[in-house]
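I have placed the structure first, in the form of structure tokens, so that the comments after it can refer back to it.
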């Protein structure tokens, strides 16, 4: 009776596991639904390695089961010792040559893809006028947020990467504090960001993100980096080249003046409280800010990278960021406001101002 119960427990656990893993197929975040050539090549390599491992497992299991059946005690007797094959030249050649062949089948495409996907010479190619022909993005990972600099365009953003579809996008990856890892599961990766050196690679985005859940692909930090590692998310918005050029032109324009008296109060508070010392409000600037650039804050779909993008979460985050992302460097409201939390009126003003910082509506 107890053995039967244990089997049902195992079955129930596996059924529950399948239920939760079913969400892994969402195309905005799943390696199993590649949405770019880099991810597709990596996925095909995953299928190849899985097929080889499955073949080896099947062969071993079949031999094991046949040996159990053929040489079971009830058939050969209690005192019978099967013929020993130790030193059998043919068998030793077979189980030496076959693994070597399987390793070669797996190693050749692995090595070829490793070097092919690390080829970044296109990053430096220029046209007849000396302009770069490919888009390059400098990615800086910080505790616990991401900065994206477009060095050839003069644009700085944070937390949301915007790229064109149908072309290679090159990345320079580095970290400002500790080791992180840049990963967009549906598009390809991942690659470490280090403090002491710059890693380079490229990705290609084949599908516009507009039709996806939340309208973005999801990016993650894939290297344990501190207490808020699991919350170090970013989003990727993919646009047609025409829409990307329009986004670029809008990003280089001067920030739009606050459109309401409440937003004006928020801007004044943003400056007087010292927020402007860490957070730039223009996408046209220089990299290296202590806090994320908020020029595109109104366009984002998340607060702090993972909270729903609404007034309540923004105000909670401003009051006590350590409660939502332990270990991050943003001071609490009391630290900025002489020991007191912001009043509700002040929070409403800051919210109105920050939500109005947008590029898409210019």
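In mature numbering (1 follows the signal peptide of the UniProt record, and there is no 0), the protein residues as written are -25 to -1, 1 to 337. Idealized CB from N, CA, C, for every residue including glycine. Since this is a predicted model, take the numbers as computed values, not measurements.
Identify every run of the beta strand (DSSP E) within the region 176 to 259, keeping only runs that are complete inside it and at least 3 residues long; order them along the chain. 192 to 196, 208 to 214
Are the region 211 to 227 and the region 235 to 246 touching, with three or more C-beta to C-beta distances below 8 Å? no
On a Cα-Cα basis, can you pick out the residue from 329, 282, 58 that is closest to residue 189? 282
Count the CB pairs spanning the region 77 to 91 and the region 223 to 237 that are closer than 8 Å, and state whether there are at least three. no
Could you check how far apart the C-beta atoms of residue 125 and residue 112 are, in whole angstroms? I think they sit under 8 Å. 6 Å
Bridge partner(s) assigned by DSSP for residue 296: DSSP lists no partner for residue 296.
For residue 287, the nearest candidate out of 325, 270, 45 (CA to CA): Closest option to residue 287, Cα to Cα, is 325.
Indicate the three-state DSSP secondary structure (helix, strand or coil) for residue 310 in the structure shown. helix
Which two residues bound the contiguous beta strand (DSSP E) that contains residue 117? 110 to 117
Touch check for the region 314 to 329 and the region 284 to 302: three-plus C-beta pairs under 8 Å? yes
For residue 9, the nearest candidate out of 87, 164, 33 (CA to CA): 164
Taking the CB atoms as reference points, tell me whether residue 158 and residue 197 lie closer together than 8 Å. yes
Among 169, 251, 66, whose alpha-carbon lies nearest the alpha-carbon of residue 117? 169
Tell me which residues share the same chain as residue -3 and place their Cβ nearer than 8 Å to its Cβ, disregarding the 5 neighbours each side in the sequence. Here the model assigns residue -3 a pLDDT of 49, short of 50, so the residue's position is not dependable, and the following value carries that caveat. Nothing meets the Cβ criterion.
Residue 167 lies in the beta strand (DSSP E); which residues open and close that run? 163 to 168
Which stretch, first to last residue, makes up the beta strand (DSSP E) that contains residue 142? Segment: none, residue 142 is in no beta strand (DSSP E) and carries neither H nor E.
Please return the same chain residues whose Cβ sits closer than 6 Å to the Cβ of residue 416, not counting the five positions on each side in sequence. In this structure the chain extends from -25 to 337, so residue 416 is not present and cannot be described.
Using the rule of at least 16 other Cβ atoms within 10 Å of the residue's Cβ for burial, across every protein chain shown, is residue 194 buried or exposed? buried
Proximity to residue 338 [Cα-Cα], best of 29, -13, 2, 153: Any answer about residue 338 is impossible in this case: the structure gives the chain only from -25 up to 337.
Count the other CB atoms within 10 Å of the CB of residue 258; is the residue buried (16 or more) or exposed (fewer)? Buried: at least 16 other Cβ atoms inside 10 Å.
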